[in-house]
Amino acid sequence: MSARPGLEVVRAGALTTVQDLGRPGFAHLGVTGSGALDLPAHRAANRLVGNPDACATLETTLTGCALRALAPVVVAVTGAPAPVRVDGAPAPWGAPVSLAVGQVLDVGTAVAGVRSHVAVAGGVDAAPVLGSRSTDLLSGLGPAPLRDGDLLAVGAPGAAPVGGPVGVPLPGPPEELALPVVLGPRADWFTPAALTTLWRGTWTVSSASNRVGLRLDGPALERARTDELASEGMVLGAIQVPPEGRPIVFLADHPVTGGYPVVGVVPAAALAAVAQATPGTPVRFTPSSVTPSS
Amino acid sequence: MIVHPVGRAALLVELDDLAGAQAFHAEVERRRADGRVVVRDVVPAARTVLLDGFATPDAARRVAADAPGWSVPPLVADDGPLVTLRVRFDGPDLDDVARCWDVAPADVVARLTTTELRVAFGGFAPGFGYLAGLPDELAVPRRATPRTVVPAGAVALAGTWAGVYPRESPGGWQIVGTAVDAALWDVDRDPPALLVPGTRVRFEDDA
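Going down the list, the sequences are from chains A and B. Using the UniProt record's numbering, you'd call the opening residue of the first sequence number 1 and step up by one each time. Using the UniProt record's numbering, you'd call the opening residue of the second sequence number 1 and step up by one each time.
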């Protein structure tokens with residue numbers, strides 16, 4: 001590995017973490033999947049700088065971040081749209097940007113959405129843990145969230161040409177989330193009225209949302225059973241309903257087991273939009289079958 | 001056995017009890033080992049086994065249809081690797097557990113060092129294993145007020161479960177001792193957890 005200090009963190013922002021495709025296969029040991037919340041944005045950023053999808057990028061939260069180049073690097077910003085500047089001069093979002101030694105890339109506060117992704121050619125070369133460079137905020141695995149003054153190693157750029165192709169559109173953040181839901185496994189723990197509420201109710205994204213889960217303000221879902229559910233395995237996208245009734249949609253850093261019933265599951269493909277939903281965004285749930293309709 | 005679909009790529013298989021879940025989990029692992037079942041994560045729990053990350057909805061459906069017909073042998077008691085943990089029985093709740101069991105503290109130690117436990121499942125934190133094997137009549141309540149800090153290595157009881165905290169964390173279990181020199185979690189080891197589901201565990205008094 002030709003790890004070299006490539007970037008210095010000038011401004012870490014509210015919460016900037018290293019993320020890749022995550023840490024699958026260790027759930028039975030208590031390790032969650034982790035990885036970028038907005039995977040299409042992560043992949044697009046990587047492709048813009050010529051990286052494979054598995055290279056680690058930086059995931060910012062609302063307020064962006066600023067990075068000084070310690071070596072010549074090519075970077076790209078995707079995900080939540082934000083003003084991009086190099087040494088104060090406007091630079092493109094969603095396109096490769098070259099930085100000379102000493103130049104500072106500033107990703108500003110998101111003008112929409114929550115999480116921007118910053119890729120660097122060669123990838124952020126933090127030490128992998130269980131095969132992944134992702135920060136897992138639930139159990140503290142992987143690199144710590146960025147702090148001002150941190151130095152980030154950058155891997156050797158690959159042979160892929162910089163700039164493309166970007167195989168996915170760069171979606172704008174949602175004004176409203178309409179989330180598909182496959183009912184179960186514990187839909188029978190809820191009253192018929194609760195299931196009617198699930199399909200007809202409107203919630204809003206709570207500011208308590210994080211990488212563990214999307215928390216919602218709005219109507220409570222009433223349980224038909226009051227006994228305790230023995231803890232059971234939890235999947236990404238599970239809609240867990242704690243006793244107070246407000247649903248939580250589990251995101252990448254979710255606990256691998258839980259003792260509250262799961263009324264339904266949001267398929268993973270719908271979760272990129274969840275990653276970009278700002279507090280206050282209206283949320284509805286729509287019934288979906290196991291097989292996605294084409 | 002009830003097989004619940006979970007989203008598009010997972011199944012939650014519900015068994016009658018812990019013994020049923022452990023036996024079914026062992027069968028799933030046998031079928032994974034020889035390629036008859038291909039799935040990313042298998043998460044055993046108290047009465048369920050989650051199979052998460054099938055390649056396609058059809059793959060999940062096939063297993064859902066087949067699993068009730070699998071021949072699942074009961075778990076063999078002395079099956080699985082054995083880990084012996086040296087424990088210093090100096091926990092702040094040892095006396096409370098003794099009162100709950102209506103025995104002397106030394107009898108708690110004697111009981112815990114002569115009972116073979118088994119890692120049923122993980123989940124609370126990386127490297128934490130829920131250890132089964134204590135009988136129902138020795139169930140202890142959780143502490144009324146959880147501790148904000150339980151030290152790494154703490155050996156603790158809750159309900160009929162025993163567990164060893166792999167690192168410092170909050171916790172409400174009754175602490176009876178401290179595991180000595182036990183590397184419960186090491187990301188550079190394969191597997192990183194010492195207490196993998198299916199592992200047998202014995203406590204040895206370090207006094």
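For each residue, glycine too, the CB sits at the ideal point set by N, CA and C.
For the structure I just gave you, are there three or more beta carbon pairs, one from the stretch 25-44 of chain B and one from the stretch 127-136 of chain B, closer than 8 Å?
Taking 8 Å as the limit for Cβ pairs, the verdict is that the stretch 127-136 of chain B does not touch the stretch 25-44 of chain B.
Counterpart residues of Val-43/B in DSSP-defined beta bridges:
As a working mapping, residue 43/B is identified with position 43 in the second sequence. Answer is Leu-50/B.
Just confirm the distance between the C-beta atoms of Gly-6/A and Ala-153/A, as a whole number of angstroms; I'd bet it's less than 8 Å.
Residue 6/A sits at position 6 when you count from the first residue of the first sequence. Residue 153/A sits at position 153 when you count from the first residue of the first sequence. Yes, they are in contact, since the Cβ atoms of Gly-6/A and Ala-153/A sit about 6 Å apart, within 8 Å.
Compare the beta carbon distance of Thr-17/A and Pro-145/A with 8 Å and say whether it is the shorter of the two.
Counting from 1 along the first sequence, the entry for residue 17/A is found at position 17. Counting from 1 along the first sequence, the entry for residue 145/A is found at position 145. A contact, by the Cβ cut-off of 8 Å.
Assuming Phe-170/B contacts Phe-128/B (C-beta within less than 8 Å), just tell me the rounded distance between them.
Counting from one through the second sequence, the residue named residue 170/B turns up at place 170. Counting from one through the second sequence, the residue named residue 128/B turns up at place 128. Looking at the sequence itself, residue 170/B is Pro, so the reference to Phe does not match. Actually they do not touch by this definition, with Cβ atoms about 13 Å apart.
If the cut is a Cβ gap below 8 Å, which residues of chain A does Thr-148/B touch?
Sequence index remark: in the second sequence, residue 148/B carries index 148 (1-based). Residues of chain A passing the Cβ test: none, with the nearest at roughly 17 Å.
Compile a chain-ordered list of the residues in the stretch 18-32 of chain A whose CB is closer than 8 Å to at least one CB of chain B.
Those residues of the stretch 18-32 of chain A that come within reach of chain B (Cβ to Cβ, closer than 8 Å) are Pro-24, Gly-25, Phe-26, Ala-27, His-28, Leu-29, Gly-30, Val-31.
Contacts around Ser-134/A, its chain only, beta-carbon distance under 7 Å, and the 5 residues preceding and following it disregarded:
Within the first sequence, residue 134/A is the residue found at index 134, counting from 1. Cβ neighbours of Ser-134/A beyond the five flanking positions: Val-18, Gln-19, Asp-20, Gly-22, Arg-23, Ser-34, Gly-35, Gly-142.
Taking just the CA atoms, how far does Leu-50/B sit from Gly-122/B?
By one-based count along the second sequence, residue 122/B stands at place 122. By one-based count along the second sequence, residue 50/B stands at place 50. In a straight line, the C-alpha of Gly-122/B is about 12 Å away from that of Leu-50/B.
Mind checking whether Asp-181/B and Arg-32/B have CB atoms under 8 Å apart?
Within the second sequence, residue 181/B is the residue found at index 181, counting from 1. Within the second sequence, residue 32/B is the residue found at index 32, counting from 1. It is not a contact, given that the beta carbons lie outside the stated cut-off.
Taking CB distances under 8 Å as the criterion, tell me whether Leu-70/A reaches chain B.
Start at 1 with the first residue of the first sequence, and residue 70/A comes out as number 70. Not closer than 8 Å to any Cβ of chain B, the Cβ of Leu-70/A fails to qualify, so no.
Taking all protein chains shown into account, decide if Gly-163/B is buried (16 or more other Cβ within 10 angstroms of its Cβ) or exposed.
Here residue 163/B is taken as the residue at index 163 of the second sequence, counted from 1. With 16 or more Cβ atoms within 10 Å of its Cβ, Gly-163/B is classed as buried.
Minimum C-alpha distance to Glu-204/B - residue among Ala-55/B, Pro-44/B, Ala-23/B, Val-108/B
Position 204 of the second sequence, counted from the start, is the residue given in the question as residue 204/B. When only C-alpha atoms are compared, the closest one is Val-108/B.
Alpha-carbon spacing of Met-1/A relative to Ser-231/A, whole angstroms:
Stepping through the first sequence from its first residue, residue 1/A is reached at position 1. Stepping through the first sequence from its first residue, residue 231/A is reached at position 231. Bear in mind that the predicted position of Met-1/A carries a pLDDT of just 45, short of 50, making it too unreliable to give a figure here.
The stretch 4-20 of chain B in contact with the stretch 270-277 of chain A per 3-pair CB rule at 8 Å:
no
Report the three-state DSSP secondary structure of Trp-173/B (helix, strand or coil).
Numbered from its first residue, the second sequence carries residue 173/B at position 173. In this structure, Trp-173/B counts as coil in the three-state DSSP scheme.
For Ala-14/A, the nearest candidate out of Glu-222/A, Phe-26/A, Arg-47/A, Val-114/A (CA to CA):
In the first sequence, counting from the first residue as 1, residue 14/A sits at position 14. Taking Ala-14/A as reference, the option from Glu-222/A, Phe-26/A, Arg-47/A, Val-114/A with the minimal CA-CA separation is Val-114/A.
Can you list, in chain order, the residues of its chain with a C-beta nearer than 6 Å to that of Phe-54/B? Leave out the 5 residues immediately preceding and following it.
In the second sequence, the residue the question calls residue 54/B occupies position 54. These residues qualify, in order along the chain: Ala-9, Val-39, Ala-60.
In the DSSP assignment, what residue or residues form a beta bridge with Cys-65/A?
Indexing the first sequence from 1 puts residue 65/A at position 65. Note: Cys-65/A sits in a beta bridge opposite Val-107/A.
Considering Val-119/B, what are the terminal residues of the beta strand (DSSP E) in which it resides?
On the second sequence, position 119 is the one that residue 119/B refers to. Unbroken beta strand (DSSP E) run through Val-119/B: 117-121.
Between Thr-202/A and the rest of its own chain, which residues show a CB-CB distance below 6 Å, the 5 nearest in sequence each way excluded?
Taking the first residue of the first sequence as position 1, residue 202/A is located at position 202. Same-chain partners within the cutoff: Pro-282, Arg-284.
Reference Ser-289/A; option with closest CA among Arg-200/A, Tyr-260/A, Ala-89/A, Leu-183/A:
Here the question's residue 289/A lines up with position 289 in the first sequence. For Ser-289/A, the nearest C-alpha among the options comes from Leu-183/A.
In chain order, what residues of the stretch 56-82 of chain B put their CB closer than 9 Å to some CB of chain A?
Pro-57, Asp-58, Ala-60, Arg-61
With 16 other Cβ atoms within 10 Å as the buried cut-off, status of Ile-2/B:
As a position in the second sequence, residue 2/B is number 2, starting the count at 1. The residue is exposed, with fewer than 16 neighbouring Cβ atoms inside 10 Å.
Which one of Pro-126/B, Asp-78/B, Pro-73/B has the shortest CA to CA distance from Ala-23/B?
Residue 23/B sits at position 23 when you count from the first residue of the second sequence. Considering only alpha carbons, the answer is Pro-73/B.
Please state if the CB of Ala-178/A and the CB of Thr-286/A are separated by a distance shorter than 8 Å.
Looking up residue 286/A in the first sequence gives position 286. Looking up residue 178/A in the first sequence gives position 178. Yes, they are a contact pair.
Candidates Leu-117/B, Asp-93/B, Ala-98/B, of which the one nearest Arg-147/B by Cα
Start at 1 with the first residue of the second sequence, and residue 147/B comes out as number 147. The shortest Cα separation from Arg-147/B among Leu-117/B, Asp-93/B, Ala-98/B belongs to Asp-93/B.
Please list the terminal residues of the continuous beta strand (DSSP E) segment that includes Leu-152/A.
Within the first sequence, numbered from 1, the residue matching residue 152/A stands at position 152. Its beta strand (DSSP E) spans residues 151-154.
Assess, as a yes-or-no matter, whether the stretch 42-60 of chain A is touched by the stretch 244-263 of chain A under the definition of 3 or more beta carbon pairs within less than 8 Å.
no
Between Leu-99/A, Ala-100/A, Pro-83/A, which lies nearest to Pro-92/A when the distance is taken from Cα to Cα?
Stepping through the first sequence from its first residue, residue 92/A is reached at position 92. Checking every option, the nearest Cα to that of Pro-92/A belongs to Pro-83/A.
Kindly list, in the order they appear in chain A, the residues whose Cβ is closer than 7 Å to that of Ala-10/B.
Here residue 10/B corresponds to residue number 10 of the second sequence, with the count starting at 1. Chain-ordered, the chain A residues with CB closer than 7 Å to the CB of Ala-10/B read Val-235.
9 Å Cβ cut-off: residues of chain A touching Phe-54/B:
The residue you call residue 54/B lines up with position 54 of the second sequence. None at all; the shortest Cβ gap to chain A is about 11 Å.
In chain B, what lies closer than 9 Å to Gly-184/A by C-beta?
The residue you call residue 184/A lines up with position 184 of the first sequence. Going along chain B in sequence order, the residues near Gly-184/A (Cβ under 9 Å) are His-4, Pro-5, Val-6, Gly-7, Leu-12.
Three-state secondary structure assigned by DSSP to Gly-159/B:
Here residue 159/B refers to the residue found at position 159 when the second sequence is read from its first residue. Strand.
Based on Cα-Cα distance, which residue from Ala-144/B, Leu-75/B, Thr-199/B, Ala-193/B lies nearest to Phe-124/B?
Taking the first residue of the second sequence as 1, we reach residue 124/B at position 124. Checked all of Ala-144/B, Leu-75/B, Thr-199/B, Ala-193/B; the closest Cα to Phe-124/B is Ala-193/B.
Within the 8 Å Cβ cut-off, does Val-156/B reach chain A?
The residue given as residue 156/B occupies position 156 in the second sequence. First, the amino acid is wrong: residue 156/B is Ala here, not Val. Judged by the 8 Å Cβ criterion, Ala-156/B is not in contact with chain A.
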